Every structure is written in C-alpha cells, then in structure tokens.
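J.:
In the numbering used here, the protein residues as written are 940 to 1116.
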C-alpha cells in the first residue's frame, strides 16, 4: 500500500480539473497544466478531490501510484499558488539583470551570458545578486534554475558562483605553505 498515493489530492477553490481517459487537465489562476498519465494508474475525480489508484497489483503500477499522485498534487499547487526557486550570486563583479525576454548574467567570463527566458517562466531580479525563478510547472521552474546555476557553479574555496538560496557550500581550505 502506497503511503503517498492513498491520500487524495484536494482541489482548492478556483481550480478546475478535467479528466479525459489518461489525459488530466488542471486550470487555475496561474494558467493551465495538462499531463498524460501512465496506463498503470487510474485517476478519478470525486467532489473536490482527485484519487489515484493502481489498475492492477503489478510492481510497476505500485511504483507509479505515488509518483502520479505527487505529480498531480504539484500541478494543482502550481496553477493555484505557483512555485518559486531563489538563486544567489556570490563573487566580485557577478550580477544579473532581466532585459526584456532574456536574463543577462555577468559571471566573470570575458562575455555576458544571455539566457532566453522560456514561455511560462517568470524571472525577477530584486537585487543584482538575487534571482527569483517562478512559474506554474514545478519541473520547468527547477530545470530553468538548474540551467542558470550551471553557468557558474559555486566553487568550494571562496564560494563564488550561482547557488540556490538554501544551498550550503562545503568550504575547503586553500594551499598551505
């Protein structure tokens, strides 16, 4: 019995859910998300909640049961509240700015890094050293944040680079004479 999958996903006020066979579409104030669920799970809607059940007792169906419950929960939370990942930039002369539909990063290279902002993702720079990536799709928000971080990962000696807000950088001691 899946401890995660057996609990229903509650649908908040202002969010609508439509299930067409294996296709599930969820609409809310932050937009619309849809997904094609796996054949091993059965998705049903009852009152203001969504239930996910395995079609049979196979190992694959039991593995995907909790996975699809959480994916649907993330879709519901994304269209109602949204997701935000915050990044911090550390380093002398390192900064970020949003210019139109691109994120301009100065990360110590001989050139500026220009990152085109994907559709459905909002990037905000409150300070030149802080980036907030937000959107309705949790996977895409995390992917965009990871791509931005990959331009200059934090290094362990001085901690320079782009890191997640809650990330701890394990510091190393420099060379000894």
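Beta carbons: idealized from backbone N, C-alpha and C, even for Gly.
Here the structure is a predicted model, which is why all the values come from computation and not from measurement.
Nearest CA to the CA of residue 994: which residue from 976, 1045, 1011, 950?
T.: Among 976, 1045, 1011, 950, the Cα nearest to that of residue 994 is on 976.
J.: Compute the Euclidean distance between the alpha carbons of residue 1082 and residue 1100, then round it to the nearest angstrom.
T.: So the two alpha carbons sit approximately 18 Å from each other.
J.: Taking the beta carbon of residue 1040 as the centre, do at least 16 other beta carbons fall within 10 Å, making it buried, or is it exposed?
T.: Answer is exposed; the Cβ neighbour count stays below 16.
J.: To the nearest angstrom, report how far apart residue 1104 and residue 963 are at their CA atoms.
T.: Between residue 1104 and residue 963, the C-alpha separation is close to 33 Å.
J.: Below 6 Å CB to CB, which residues in the same chain sit around residue 1086 once its five sequence neighbours on both sides are set aside?
T.: Same-chain partners within the cutoff: there are none.
J.: Are the Cβ atoms of residue 890 and residue 1017 separated by less than 8 Å?
T.: Lying outside 940 to 1116, the shown extent of the chain, residue 890 is not represented and no answer is given.
J.: Report the start-end ranges of each alpha helix (DSSP H) in the stretch 1038-1112 that is 4 residues or longer and not cut off at the edges.
T.: Whole alpha helix (DSSP H) segments, 4+ residues: 1077-1089.
J.: Under 8 Å, do residue 1068 and residue 1027 count as touching if we go by C-beta distance?
T.: For residue 1068 and residue 1027, yes; Cβs fall inside 8 Å.
J.: Output the distance between the C-alpha atoms of residue 1055 and residue 1008, rounded to the nearest integer angstrom.
T.: Near 32 Å, if we compare the C-alpha coordinates of residue 1008 and residue 1055.
J.: Could you pull out every residue in the same chain whose Cβ sits closer than 6 Å to the Cβ of residue 1019, ignoring the five residues on either side in sequence?
T.: Contacts found: 951, 954, 967.
J.: What do you get for residue 985, buried or exposed, if any count of 16 or more other CB atoms within 10 angstroms of its CB means buried?
T.: By the neighbour-count rule (16 or more Cβ atoms within 10 Å), residue 985 is not buried but exposed.
J.: Tell me whether residue 1077 is buried or exposed, calling it buried when 16 or more other Cβ atoms sit within 10 Å of its Cβ.
T.: Burial call: buried.
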